[in-house]
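Take a look at the structure set out below.
Residue numbers (the working numbering): -16 to 481.
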C-alpha cells in the first residue's frame, strides 16, 4: 500500500552576467558535475535534476513556478556559485510553495594556492553570493534548510538526504486522509483536536464513518479470501495456543483476517491512508481490530487508538518519510503504560491493548488469542513481540486550543530485564533522554499525550524541520534538556506562536 512516488529535486544555481559568457559556462558545467556526483553517490534517496543557471528575475520566477506545477518535483536545492543579486530572487521566492534547501557549498574543496587570481575569486565566490541570497530569504521570512560544506563530503550528502525525506513529508502531508471509525473516546482531551485547523495547517482530511458501514465491508469478505489470509498468517508467525483448542483458536484468527481484508478494501475504495478505531464503539464487529490493524500498519497505513487521528496521521507521515530506507528499523503508534523506577534501570514500558506495528519487532512474532476486558467482544487475536534496541524518537502532536505543538523526545530503546509471560501484547521499553525523571517531567510540562508516533528511522532534526515547514512550534527533549531551560523554551513558544 505504501508505494513510494518517483519524486525528484531540482538543483538551481544562481549567478549573473557581470563576469561574461565563459564564467557562465563554467558555472553551468560545475553545477552539472555536482548534480551528477550527488546522484552517483548512492547516499541520496531521490534524484537531483540540474536546471539552467538562474541569472534574471524572469527566469528565476519562471523556474520556481514550474517547480510548483510539477507534481514530480518535491523541492528545490539552491546554490549561488557566484554573486547573484538578491533582489532578483524576490518574486520567485514569493511565489514558490514547496520545500527549499540552501546548499552553501563551492565547486572546489581547497584553495588553489599557487594559481588563485581575481578571475578565480570572481567566479568562485559562494561565500559572498550565498550570504546575499541568504539575507533576502531571511528578510522575507521564508522557511528553508541550510546545509554547509563541500558537496563531495558524505556528511553533507547525508544531510541533504535527510532533508529530502523531510521534504517528502511536507509534500505528502497534504495527501493524508484519515478515516475515523466511530468517534473519539468519551471525555478524553488529548486525542481530540481541531480537524479544520489540522487541514489548514497540514492538509490532512479527517472524516468519520459509522462503524457498521465498515463492518458491512468486513462481512462481505468471502470465506475463501479469509481462509487464504489465515494460511498466510500460520505460515509467517508462531502460533501460541496456550491451552486453547486449535480449531477455536483458528476461528478467532479468521475474524482478524476478515477484518484486515474488509478494512483494507474499504480504505482503498475511499482513498484513505490512515485509520482510527475505538473500543467503545465496535458495532457489528466481532472483535476489536488487533492483528488486522497491526498488519495494516505494516503495509504503511497510519493508526491511532481511541479516535486519536493526530497520531494516525503522524504515523502515516513517518512511514512515508522512511519509505525505501535501507536498514529501516520501523515505525509505529505506541502508548506510555507503566514505569520501572529501579535505580539504574529506569524506563517506560510502551505497548497498547493490541495494535503495535510489527515493523519494530526484534526476533520472533507470535499470534496469541487472549480475553480483552475492553470492547465487550470475543477474544481478539493479536501479534506479540518485543521491539528492537537502539535510538528512536517519540513524538506527540498536540492541540493547545489556539495552535499546534510538536513534542519530540529522543529515547533509548532497550530490552526488558526479565520476560513478561503473562503480558499478551507487543511491547517496547525505553528510557527517555536525558533520563526518565527529566524526560517525563518535560513531556508533562509540554502537554504531551500518552499516545506517540514513534520511529527508529528519523531524527529529531528532521521532524523539527517538518514542523517548521508547517509553521508550528516544535520542542525538543534530548540529552541536553534541563527543566529550567525547557520552561524558558515553552514560554518563548507561547510568545512566538500565540
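We put the CB at the ideal spot given by N, CA and C, even for glycine.
Among the options, nearest to residue i - alpha-carbon criterion
i           : options               : result
residue 289 : 312, 258, 428 and 134 : 258
residue 43  : 62, 31, 210 and 19    : 62
residue 304 : 329, 28, 88 and -5    : 28
residue 118 : 150, 69 and 109       : 69
residue 474 : 463, 103 and 456      : 456
residue 162 : 401, 33, 397 and 285  : 285
residue 175 : 432, 111 and 468      : 432
residue 440 : 103, 148, 73 and 107  : 148
residue 388 : 184, 326 and 419      : 184
residue 66  : 420, 114, 218 and 331 : 114
residue 71  : 116, 160, 145 and 292 : 116
residue 421 : 461, 411 and 403      : 461
residue 294 : 30, 12 and 438        : 438
residue 92  : 127, 83 and 139       : 139
residue 312 : 370, -11 and 268      : 370
residue 393 : 170, 194, 443 and 296 : 443
residue 309 : 3, 25, 0 and -11      : 25
residue 449 : 107, 275, 12 and 297  : 297
Three-state class that DSSP yields for residue i in the structure shown
i           : result
residue 66  : coil
residue 413 : strand
residue 468 : helix
residue 353 : coil
residue 188 : strand
residue 407 : coil
residue 421 : helix
residue 244 : helix
residue 370 : strand
residue 434 : strand
residue 249 : helix
residue 34  : coil
residue 346 : strand
residue 105 : helix
residue 55  : coil
residue 340 : coil
residue 194 : helix
residue 152 : helix
residue 128 : strand
residue 274 : helix
residue 74  : helix
residue 315 : strand
residue 134 : coil
residue 261 : coil
Exposed unless 16 or more other CB atoms sit within 10 angstroms - verdict on residue i
i           : result
residue 125 : exposed
residue 205 : exposed
residue 136 : exposed
residue 385 : exposed
residue 333 : buried
residue 122 : exposed
residue 278 : buried
residue 314 : buried
residue 249 : buried
residue 467 : exposed
residue 181 : buried
residue 77  : exposed
residue 35  : exposed
residue 246 : buried
residue 130 : buried
Neighbourhood of residue i by C-beta distance below 6 Å, restricted to the same chain and skipping five residues each side
i           : result
residue 209 : 237, 240 and 241
residue 427 : none
residue 155 : 303
residue 232 : 224 and 352
residue 260 : 164 and 272
residue 480 : 386 and 456
residue 390 : 379, 429, 431 and 458
residue 321 : 332
residue 146 : 84 and 128
8 Å Cβ shell around residue i - same chain, five flanking residues per side excluded
i           : result
residue 20  : 134 and 135
residue 158 : 186 and 256
residue 81  : 50, 51, 56, 57, 58, 59, 150, 153 and 154
Proximal residues to residue i (C-beta, below 7 Å), its chain only, five neighbours per side dropped
i           : result
residue 423 : 415
residue 33  : -6, 14, 15 and 18
residue 2   : 65, 105 and 106
residue 177 : 382
residue 269 : 238, 360 and 361
residue 227 : 352
Residue-chain proximity (residue i, chain C), Cβ-Cβ < 8 Å
i           : result
residue 176 : Annotation note: the requested chain C is absent from the structure, which comprises a single protein chain.
Heavy atom of the ligand ADP within 7 Å of residue i beta-carbon
i           : result
residue 165 : With respect to the ligand ADP, the structure shown offers nothing to examine, as it has no ligands at all.
Three Cβ pairs or more, each shorter than 8 Å: is that satisfied between the region 89 to 100 and the region 43 to 52?
Output reads no: the region 43 to 52 does not touch the region 89 to 100.
Please confirm if the region 340 to 352 is in contact with the region 363 to 374, defined as three or more CB-CB distances below 8 Å between the two stretches.
yes
Would you check if there are 3 or more beta carbon pairs closer than 8 Å linking the region 244 to 255 to the region 371 to 382?
Because the criterion of three Cβ pairs below 8 Å is not met, the region 244 to 255 and the region 371 to 382 do not touch.
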